[in-house]
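With UniProt numbering as the guide, the letters of the sequence shown map in order to residues 1 to 160.
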Amino acid sequence: MASVTASATSSSRLNPSASTGTNGNASANEYLDEAVESVNRQIDVDIRAILDAFNALINLSSIRDKDRFRIAQEKFEAEARADTMVRSAQSLTLLSHALKLSLLLSQEPIQCEEEVESKQEGSKNGQTLDDEAIALIHSTAKSKEECARYIEEILGKNTG
């Protein structure tokens, strides 16, 4: 998320007159392209961190003669790698949530006259913006509960 903000501020510093004429459209497109690239870079960095940490965990799991110092050292390294994986996964989850919210907020609002018709049609054909927002909130709550359950399972297995 921080990289999107950083690219947004650097883009606005590069061209402060982004809101006028065709240059405004071009700079707006450039800004959007930079934002997309920044998000893609963040996704790549997070996925690479998860993969690297997972590979390191697999390499640590080798079976051989180890002394107590080596076992303690590998335990610490495994915990650090697992922490890196959790932070990267959380970053991806937050990025996904932000993208969902920006999608919901970027949709055009429903006109007052069309609101009744769209709600009637929405119940028949699809969802209105309010229904989509409520569904997203419920989906997020379910995901949080599922993550908490997985964490409890993992911690229960580690201590048990």
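The beta-carbon is built from N, C-alpha and C at its ideal position, and this holds for glycine as well.
Here the structure is a predicted model, which is why all the values come from computation and not from measurement.
> Hey, how far is the Cα of A89 from the Cα of K66?
Replying inline: The count along the sequence shown starts at 1 and reaches residue 89 at position 89. The count along the sequence shown starts at 1 and reaches residue 66 at position 66. Cα-Cα distance, rounded: 31 angstroms.
> Which residue comes first and which comes last in the alpha helix (DSSP H) that contains K100?
Replying inline: For the purposes of this step, residue 100 is identified with residue 100 of the sequence shown, where counting begins at 1. That run of the alpha helix (DSSP H) goes 68-106.
> Quick one, are the C-beta atoms of L60 and E79 less than 8 angstroms apart?
Replying inline: Your numbering for residue 60 matches position 60 in the sequence shown. Your numbering for residue 79 matches position 79 in the sequence shown. Not a contact, by the Cβ cut-off of 8 angstroms.
> Is DSSP giving D65 helix, strand or coil here?
Replying inline: Position 65 of the sequence shown, counted from the start, is the residue given in the question as residue 65. Here D65 sits in coil by DSSP.
> Just how far apart, CA to CA, sit G156 and L105?
Replying inline: Here residue 156 refers to the residue found at position 156 of the sequence shown. Here residue 105 refers to the residue found at position 105 of the sequence shown. About 40 angstroms.
> Alpha carbon to alpha carbon, what distance is there between D83 and L32?
Replying inline: Walking along the sequence shown from the start, residue 32 turns up at place 32. Walking along the sequence shown from the start, residue 83 turns up at place 83. So the two alpha carbons sit approximately 32 angstroms from each other.
> Rounded C-beta distance between G43 and L95? I'm assuming under 8 angstroms.
Replying inline: Your numbering for residue 43 matches position 43 in the sequence shown. Your numbering for residue 95 matches position 95 in the sequence shown. With the sequence shown as reference, residue 43 is identified as Ile, and Gly is not the correct amino acid for it. Confirmed, Cβ separation roughly 7 angstroms.
>> Assuming D46 and L92 are in contact, meaning their beta carbons sit under 8 angstroms apart, how far apart are those beta carbons, in whole angstroms?
In response: Taking the sequence shown and counting its residues from 1, the one referred to as residue 46 is at position 46. Taking the sequence shown and counting its residues from 1, the one referred to as residue 92 is at position 92. Right, the Cβ-Cβ distance comes to about 5 angstroms (below 8 angstroms), so this counts as a contact.
> Count the other CB atoms within 10 Å of the CB of T20; is the residue buried (16 or more) or exposed (fewer)?
Replying inline: Residue mapping note: residue 20 aligns to position 20 of the sequence shown, counting from 1. Because T20 carries a pLDDT of 46, less than 50, the predicted location of this residue cannot be relied on, and the following value inherits that uncertainty. Its Cβ having fewer than 16 others within 10 Å, T20 is exposed.
> Just to confirm, are A56 and R87 a CB contact at a threshold of 8 angstroms?
Replying inline: Here residue 56 is taken as the residue at index 56 of the sequence shown, counted from 1. Here residue 87 is taken as the residue at index 87 of the sequence shown, counted from 1. Not closer than 8 angstroms, so no.
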